[in-house]
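Novice: In full-length UniProt numbering, the protein residues as written are 1 to 646. Ideal placement from N, C-alpha and C gives every residue a C-beta, glycine not left out. As the structure is a prediction and not an experimental result, all values here were calculated from the model.
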Amino acid sequence: MPSRTIGRCKGAMLSEYYNRTVRRRQSKKRPSLYTMDRSARPSIRQMDEVADGEEEHQRLLVMELQKTSGTQRIRLLKSFPLNLQVKRELRTMTLDINSLWKNANPCCSSITDCIGMATHKCWLSFLSLLCTLRPWHLALKQIGGRFGSSVLSYFLFLKTLLGFNIFMSLLCLLFIVTPQAVHPHNTSNPRSFTSLEILTGAGYFTDTVMYNGYYSNITLNEGCSPGHNASTCPDAKPAWLPYHIPLAYLFTIGLVFLSTCIILVYKMSCSFGDSFRVGFFSGALALKVFSSWDFKVNRIRCVQRQKENINMQLKELLSELRTDRRPDLRKKMQTVCIHVFSWTLCLASWLGSAVAVYVLSEHLYKDNRARMNSETDLEVEAKLLLLPSAVSLCNLLLPYLYHALGLWELLDSPILEVYIAICRNLMLKIVILGVLCYHWLKRKANHSEYKCWETLLGQEFYRFVIMDLIFNLLDTLFGEQLLRLIQQKRHKNKKYRTEFDIARNVLELIYGQTLAWLGVLFCPLLPVIQTLKLLLLFYVKKASLMRNCRSPSKPWRASHMSTVFLTLLCFPSFLGASVFLSYTVWSVTPSKSCGPFRSLNTMYEAGKLYVRQLEVTNPRLSWISWIHHYLWENTLFIYVASSVLL
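1) Please check if any C-beta of chain E sits within less than 8 Å of the C-beta of Leu364.
2) Hey, Glu480 and Asn425 are a contact pair by Cβ (cut 8 Å); roughly how many whole angstroms apart?
3) At what residue ranges does the segment 539-598 contain a whole run of the alpha helix (DSSP H), taking only runs of 4 or more?
4) Considering only C-alpha positions, which residue in the set Arg88, His57, Gly434 and Thr160 is nearest to Val357?
5) Below 8 Å, can you find three or more Cβ-Cβ pairs linking the segment 516-530 to the segment 209-220?
6) Strictly by DSSP, which residues pair up with Thr219?
7) Whose C-beta lies closer than 7 Å to the C-beta of Leu534 among residues of the same chain, with five residues either side of it excluded?
8) Just the Cα atoms here: how many angstroms apart are Lys366 and Trp586?
9) Closest to Val431 by CA distance: which of Thr498, Leu477, Tyr511 and Asp501 is it?
10) Tell me, please, which residues DSSP counts as bridged to Thr498.
11) Which whole-angstrom value describes the C-beta separation of Ser573 and Lys451, a residue pair presumed to lie in contact below a C-beta threshold of 8 Å?
12) Look at Arg463 and Leu385 and say whether their C-beta atoms are less than 8 Å apart.
13) Going straight from the alpha carbon of Glu381 to that of Leu364, what length do you get?
14) Would DSSP call Phe80 helix, strand or coil?
15) From the DSSP output, in three-state form, read off Phe193 for me.
16) Cα-Cα, which of Asn221, Leu138 and Ile198 is closest to Ser467?
17) Does Phe341 come out as helix, strand or coil in the three-state DSSP assignment?
18) State buried or exposed for Gly458, treating a residue as buried only when at least 16 other CB atoms are found within 10 Å of its CB.
19) What is the DSSP secondary structure of Ala503, reduced to helix, strand or coil?
20) One question on the structure: do Leu428 and Leu474 come within less than 8 Å of each other, judged by their Cβ atoms?
21) Runs of 4 residues minimum, wholly inside the segment 410-490: which ones carry the alpha helix (DSSP H) assignment?
22) Count the other CB atoms, across all protein chains shown, that sit within 10 Å of the CB of Asn217; report buried if there are 16 or more and exposed otherwise.
23) Looking only at its chain, what residues have a beta carbon closer than 6 Å to the beta carbon of Lys87, apart from the 5 residues adjacent to it on each side?
24) Could you pull the start and end residues of the alpha helix (DSSP H) that residue 647 belongs to?
25) Under 8 Å, do Pro527 and Ala543 count as touching if we go by C-beta distance?
26) Which first and last residues belong to the alpha helix (DSSP H) in which Asn165 is found?
27) How long is the line joining the alpha carbons of Val391 and Arg497, rounded to whole angstroms?
28) If you follow the alpha helix (DSSP H) that Ala606 is part of, which residue opens it and which one closes it?
29) In or out: Phe126 buried (at least 16 other Cβ within 10 Å) or exposed?
30) What does the alpha-carbon distance come out to for the pair Leu318 and Lys288?
31) I'd like to know whether the C-beta atoms of Ser291 and Ile310 end up nearer to each other than 8 Å.
32) DSSP three-state label for Leu318, please.
33) Quick one: residues in its chain with C-beta nearer than 7 Å to the C-beta of Arg146, no 5 flanking neighbours on either side, listed in chain order?
34) Buried or exposed: where does Arg612 fall if 16 or more other Cβ atoms within 10 Å of its Cβ makes it buried?
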């Protein structure tokens with residue numbers, strides 16, 4: 001074959017050229033001619049013959065290279081066993097004007113190559129721009145390099161919650177708030193804005209799209225609404241698919257929870273796969289030492305950040321290899337006694353918090369009923385802040401007690417210390433929210449003196465979210481600053497800083513997200529408020545972290561922390577909110593005078609009523625009633641769908 005002949009010819013010329021080049025290098029290393037005898041000196045004629053032979057082989061090799069295309073020529077030059085200087089000389093010799101003109105590609109081909117290269121360059125620039133546009137990319141790298149992966153896991157978890165709330169906000173705004181805002185109804189007694197509504201959520205906000213009680217139970221794109229007389233619009237044609245506000249309200253909330261469940265389960269599975277991977281590579285320390293530096297980094301600021309990041313990661317990896325001595329019997333008995341006392345004190349705090357919240361809520365409920373008509377609206381709204389303030393104060397002070405108990409226990413493992421603190425804070429949140437949910441469903445949802453209990457519950461959730469934000473900001477801006485000053489006074493060191501309490505801050509995020517999930521049925525704009533709250537918390541927490549906190553004294557690699565956070569978010573938080581809302585939709589009777597589910601026995605009946613009306617007004621859509629009857633109300637189908645989802 002001709003190609004094989006050319007290949008062998010190139011190989012022969014290349015080997016000969018390489019051998020002659022090596023011999024020429026070796027000849028340069030020979031001793032000087034002055035140190036040799038006259039008879040042993042080589043003749044000038046022999047040197048000329050060797051040089052002529054080298055030039056001939058070099059010329060033949062250049063001619064062969066000129067016959068190839070540009071891409072093939074570059075590939076061949078890279079594969080030659082020559083040094084870089086010789087390769088440059090060969091490339092310069094092959095770039096002859098005549099050969100370039102002879103082997104030049106057509107005009108269209110060069111234009112296509114230029115367009116392709118420009119497109120590829122634009123695509124790479126776009127990808128780099130997307131990387132820089134990722135929210136908080138540089139801030140997260142700075143936090144991870146300075147404080148380690150344990151503190152970074154908190155901010156990554158906050159970013160995850162922000163994504164959930166943005167998704168919920170978009171769905172609620174598109175399918176619930178916007179249709180009702182486009183078709184508002186007139187309020188009988190509009191209230192003036194007094195600025196106290198920002199804290200209480202009552203007053204001016206009561207008759208707005210913020211709460212469930214404002215929404216109507218009509219069909220928007222129907223020829224005649226249910227409240228109209230049929231004689232006023234006899235020629236009205238039914239819409240292809242009427243937009244029924246009660247059904248849209250119920251389906252949107254269901255879609256929010258279903259989508260959140262799918263995304264949450266998917267993120268949990270990915271996190272479990274990353275954290276508990278089978279056959280995990282054990283040479284991570286050697287890989288981090290020899291292969292972790294990015295040589296493309298050239299800015300001083302980026303270099304410093306990368307040095308801090310690698311330094312912290314090496315400390316975390318070395319902390320896992322550290323082996324501690326086993327304590328003696330006396331030390332073990334002392335540790336057991338301390339743990340028993342600590343857990344007894346924690347149990348007492350949980351029971352005391354539950355009793356205090358229940359007694360205060362019952363007292364405020366009875367006092368509100370007794371003085372409902374004797375006080376002004378301003379005094380009533382001011383008293384509404386007592387219960388959220390008391391609960392937020394309890395959530396603020398007791399975690400400091402748990403943190404002090406953790407310091408007193410002197411646990412050797414920082415991971416175990418964080419897990420115990422998370423467990424104690426989690427039990428506190430569960431107890432408080434359980435008592436509050438019982439109070440809301442028992443006292444407000446089942447009493448007829450409240451004309452619109454959905455709006456009252458929406459206002460309660462709004463106040464709890466706002467109070468939680470205020471107390472978080474006060475704790476971050478003043479509490480951590482005061483704690484740092486106390487520690488500096490104690491240690492007599494002006495540069496002393498405290499450590500970031502991961503467990504307390506993470507449980508605060510889970511508590512706030514649980515409130516958002518519980519209240520989205522009664523306050524459709526609550527996810528928007530929660531989104532703004534998380535945005536504000538990120539920047540405030542980051543500023544306080546840089547100013548008041550230091551890196552952990554015992555560096556540890558938080559490889560499983562994100563998995564633990566997502567698990568706590570899923571099972572106690574999301575599952576509890578789903579059970580609460582499911583019970584409300586299927587069992588609690590809606591208000592008779594307000595809301596999209598008025599005059600219904602349960603909220604779930606809105607779907608049945610819509611299907612019946614659809615069969616009468618639009619027979620073409622009778623297949624929807626078939627789906628509702630044989631699939632949606634079929635227990636076997638729901639069981640199979642739940643099994644597939646889980």
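Specialist: Judging by the given coordinates:
1) Given the protein chain composition of this structure (a single chain), no chain E is represented.
2) The pair is not a contact, with the Cβ atoms about 17 Å apart (cut-off 8 Å).
3) Complete alpha helix (DSSP H) runs here, min 4: 561-568 and 575-587.
4) Ranking the options by Cα distance to Val357, first place goes to Gly434.
5) By the Cβ criterion, the segment 516-530 is in contact with the segment 209-220, since at least three pairs of Cβ atoms, one from each stretch, lie closer than 8 Å.
6) According to DSSP, which records beta bridges pairwise, Thr219 is partnered with His244.
7) Same-chain partners within the cutoff: Leu158, Leu161, Leu162 and Asn165.
8) Annotation: Lys366 to Trp586 spans about 28 Å, alpha carbon to alpha carbon.
9) It is Tyr511.
10) Answer is Cys549.
11) The C-beta separation of Ser573 from Lys451 comes to about 31 Å, leaving the pair out of contact by the 8 Å criterion.
12) At the C-beta level, Arg463 and Leu385 come within 8 Å of one another.
13) Distance between the alpha carbons of Glu381 and Leu364: 12 Å.
14) It is coil, neither helix nor strand.
15) Reduced to three states, the DSSP call for Phe193 is coil.
16) A quick correction: the sequence has Met, not Ser, at residue 467. Among Asn221, Leu138 and Ile198, the Cα nearest to that of Met467 is on Ile198.
17) DSSP places Phe341 within a helical segment (H, G or I) once states are collapsed to three.
18) Buried.
19) The three-state secondary structure of Ala503, taken from DSSP, is helix.
20) No, the Cβ-Cβ distance between Leu428 and Leu474 is not below 8 Å.
21) Listed in chain order, the alpha helix (DSSP H) runs fully inside the segment 410-490 are 414-439 and 453-474, counting runs of at least 4 residues.
22) Here Asn217 is buried. Its C-beta has 16 or more other C-beta atoms within 10 Å.
23) If we look at Lys87 and ignore the five residues flanking it on each side, its Cβ neighbours are Leu77.
24) Shown here, the chain extends from 1 to 646; a query on residue 647 therefore has no answer.
25) In this structure, Ala543 does not lie closer than 8 Å to Pro527 by Cβ.
26) Looking at the DSSP string, the run of the alpha helix (DSSP H) that includes Asn165 is His137 to Cys172.
27) Cα to Cα, the separation comes out at about 29 Å.
28) Glu605 to Thr617 is the span of the alpha helix (DSSP H), which, as asked, contains Ala606.
29) With fewer than 16 other Cβ atoms inside 10 Å of its own Cβ, Phe126 counts as exposed.
30) Straight-line measurement puts the Cα of Lys288 at about 11 Å from the Cα of Leu318.
31) No Cβ-Cβ contact shorter than 8 Å links Ser291 with Ile310.
32) In the three-state DSSP reduction, Leu318 falls in the helix class (H, G or I).
33) Excluding residues within five positions, the ones whose Cβ falls inside 7 Å are Glu308 and Ser551.
34) By the neighbour-count rule (16 or more Cβ atoms within 10 Å), Arg612 is not buried but exposed.
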